[in-house]
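Here the working numbering runs 60 ahead of the position in the sequence shown, where the first position is 1.
Yeah, the Cβ is synthetic: ideal placement off N, Cα and C, and Gly gets one too.
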Amino acid sequence: MTTEPGFIDLLRTIATDPAARGLDDDAAVLTIGKQALVLTKDMLVEGVHFLPDDPPADIAWKLVAVNASDLAAKGASPLACLTGHSLSRDAGWDAAFAGGLKAALDHHGLALIGGDTVSVPAGQARVLSLTAIGLPSVPVPPSRGGALAGDGLFVTGTIGDGWAGLGLLQAGKTEPASLVQAYRRPQARLADGPLLAQVAHAMMDVSDGLLIDAARMARASRLAVRIDLAQVPLSPDFDQAAALAAATGGDDYQLLFAADAEAHLPVPATRIGGFHASDGNGGGGVSLSWNGMPVETPEKLGWLHG
Numbered sequence: 061m062t063t064e065p066g067f068i069d070l071l072r073t074i075a076t077d078p079a080a081r082g083l084d085d086d087a088a089v090l091t092i093g094k095q096a097l098v099l100t101k102d103m104l105v106e107g108v109h110f111l112p113d114d115p116p117a118d119i120a121w122k123l124v125a126v127n128a129s130d131l132a133a134k135g136a137s138p139l140a141c142l143t144g145h146s147l148s149r150d151a152g153w154d155a156a157f158a159g160g161l162k163a164a165l166d167h168h169g170l171a172l173i174g175g176d177t178v179s180v181p182a183g184q185a186r187v188l189s190l191t192a193i194g195l196p197s198v199p200v201p202p203s204r205g206g207a208l209a210g211d212g213l214f215v216t217g218t219i220g221d222g223w224a225g226l227g228l229l230q231a232g233k234t235e236p237a238s239l240v241q242a243y244r245r246p247q248a249r250l251a252d253g254p255l256l257a258q259v260a261h262a263m264m265d266v267s268d269g270l271l272i273d274a275a276r277m278a279r280a281s282r283l284a285v286r287i288d289l290a291q292v293p294l295s296p297d298f299d300q301a302a303a304l305a306a307a308t309g310g311d312d313y314q315l316l317f318a319a320d321a322e323a324h325l326p327v328p329a330t331r332i333g334g335f336h337a338s339d340g341n342g343g344g345g346v347s348l349s350w351n352g353m354p355v356e357t358p359e360k361l362g363w364l365h366g
């Protein structure tokens with residue numbers, strides 16, 4: 061089976077335009093004359109990114125929010141979007157989804173300007189997509205690859221809530237409701253992104269898991285990263301003893317960024333580690349500790365397709 065990293069490596073031989081940023085970032089940055097645009101595309105697959113019995117309006121919200129989160133990670137403000145929709149045999153489902161989509165687009169400030177619809181065979185999983193376009197707040201939107209040796213690693217909000225919410229739903233539970241809400245209706249940090257873009261050397265959102273996304277930032281920056289699990293901010297509703305599981309769970313959509321360790325941050329964030337020179341040539345190494353004591357790094361750092 062083709063793995064996600066392997067297929068992306070194949071695409072890198074094609075995506076050679078500077079706008080693609082080497083396919084090593086959350087989004088593309090396309091410059092036309094003096095105007096730059098940030099473009100991103102995320103897909104949701106039934107049974108992978110949402111549960112079959114999740115409310116259609118919540119699925120629409122998540123589709124918009126995960127794309128808006130990529131814009132936030134580049135310090136961009138939402139502008140417009142195009143959608144891709146696999147038509148359901150249940151017209152009521154599609155109607156509820158469309159209503160939820162309008163509410164989500166209005167909330168995030170995205171204008172729907174087009175897209176495509178397809179029909180799929182009966183019984184096949186729904187596949188939904190959105191392409192979002194944003195306006196950057198800084199001349200060069202922060203990439204994943206700008207971290208410097210000596211930078212601190214920071215994250216907004218709390219980690220593990222969405223992963224815990226999914227676990228509750230899979231177990232047939234709906235409480236604590238805050239964790240279920242975090243999974244079904246993630247909140248893109250659109251207000252924080254443009255402010256952090258002023259000070260962040262590198263920035264991305266946490267979608268596949270804190271550890272795997274930190275490793276991606278380190279690799280793109282050709283550095284290694286150390287993370288103190290005791291410093292990872294967890295929700296009061298979350299089991300504090302499961303910090304490692306929270307850090308690999310994904311579905312957080314918080315902003316992860318590298319900045320000067322002593323930088324004055326414009327929004328609340330928690331320092332959870334720092335970057336240092338890599339022992340190898342490619343970077344991306346992750347080492348873990350708990351209040352200074354080494355912790356074994358798990359084989360699986362987060363979510364990968366394939």
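* **Span of the alpha helix (DSSP H) around Asp273** => Numbered from 1 along the sequence shown, position 213 holds the residue referred to as residue 273. It spans Leu270 to Ala280 - the alpha helix (DSSP H) in which Asp273 sits, taken as one unbroken run.
* Member of Ala96, Leu226, Ser267 and Ser179 whose CA lies at the smallest distance from the CA of Ala450 -> Because the chain spans 61 through 366 in this model, residue 450 falls outside it and cannot be assessed.
* By Cβ distance, which residues of its chain are closer than 7 Å to Ala302, with the 5 residues on each side in sequence left out? -> As a first step, residue 302 must be located in the sequence shown, where it is residue number 242. Exclusion of the five residues before and after Ala302 leaves no residue of its chain whose Cβ lies closer than 7 Å to its Cβ.
* Proximity below 8 Å, CB of Asp273 to CB of Met263 -> Sequence index remark: in the sequence shown, residue 273 carries index 213 (1-based). Sequence index remark: in the sequence shown, residue 263 carries index 203 (1-based). It is not a contact, given that the beta carbons lie outside the stated cut-off.
* **Asp118 versus Val105 - alpha carbon distance** => Within the sequence shown, residue 118 is the residue found at index 58, counting from 1. Within the sequence shown, residue 105 is the residue found at index 45, counting from 1. Their backbone Cα atoms lie some 14 Å apart in a straight line.
* In terms of alpha-carbon separation, which member of Ala151, Asp312 and Ala87 lies closest to Thr216? -> Counting from one through the sequence shown, the residue named residue 216 turns up at place 156. Measuring from the Cα of Thr216, the nearest candidate turns out to be Asp312.
* Asked: Should Ile173 go down as buried or exposed, given a rule of 16 or more other Cβ atoms within 10 Å for buried?
  -> Numbered from its first residue, the sequence shown carries residue 173 at position 113. Exposed.
* To do: Kindly give me the distance between the Cβ atoms of Ala280 and Asp84, rounded to whole angstroms, as I take these residues to be in contact under 8 Å.
  => Taking the first residue of the sequence shown as 1, we reach residue 280 at position 220. Taking the first residue of the sequence shown as 1, we reach residue 84 at position 24. That belief holds up - the Cβ atoms of Ala280 and Asp84 are roughly 5 Å apart, short of 8 Å.
* Nearest-angstrom Cβ-Cβ length linking Gly269 and Leu123, presumed shorter than 8 Å -> Against the sequence shown, residue 269 aligns to sequence position 209. Against the sequence shown, residue 123 aligns to sequence position 63. No, Gly269 and Leu123 are not in contact; Cβ-Cβ is about 20 Å, not under 8 Å.
* **Alpha carbon of Val108 to alpha carbon of Arg72, nearest angstrom** => If you number the sequence shown from 1, residue 108 lands on position 48. If you number the sequence shown from 1, residue 72 lands on position 12. Answer to the nearest angstrom: the Cα atoms are 25 Å apart.
* Asked: Taking the alpha helix (DSSP H) that Pro116 falls in, what are its first and last residues?
  -> Locating residue 116 in the sequence shown gives position 56, where the first residue counts as 1. Boundaries of the alpha helix (DSSP H) around Pro116: Pro116 to Ala133.
* Asked: Exposed or buried, which one is Gly253 when buried takes at least 16 other CB atoms within 10 Å?
  -> Stepping through the sequence shown from its first residue, residue 253 is reached at position 193. So Gly253 ends up on the buried side.
* Using only alpha-carbon positions, find the residue among Gly333, Ser347 and His324 that is nearest to Asp339. => Along the sequence shown, read from residue 1 onward, the residue named residue 339 stands at position 279. For the residues Gly333, Ser347 and His324, the minimum Cα distance to Asp339 belongs to Ser347.
* Asked: Which class does Ile173 belong to by DSSP, given the choice of helix, strand or coil?
  -> On the sequence shown, position 113 is the one that residue 173 refers to. Looking at Ile173 - three-state DSSP - the assignment turns out to be strand.
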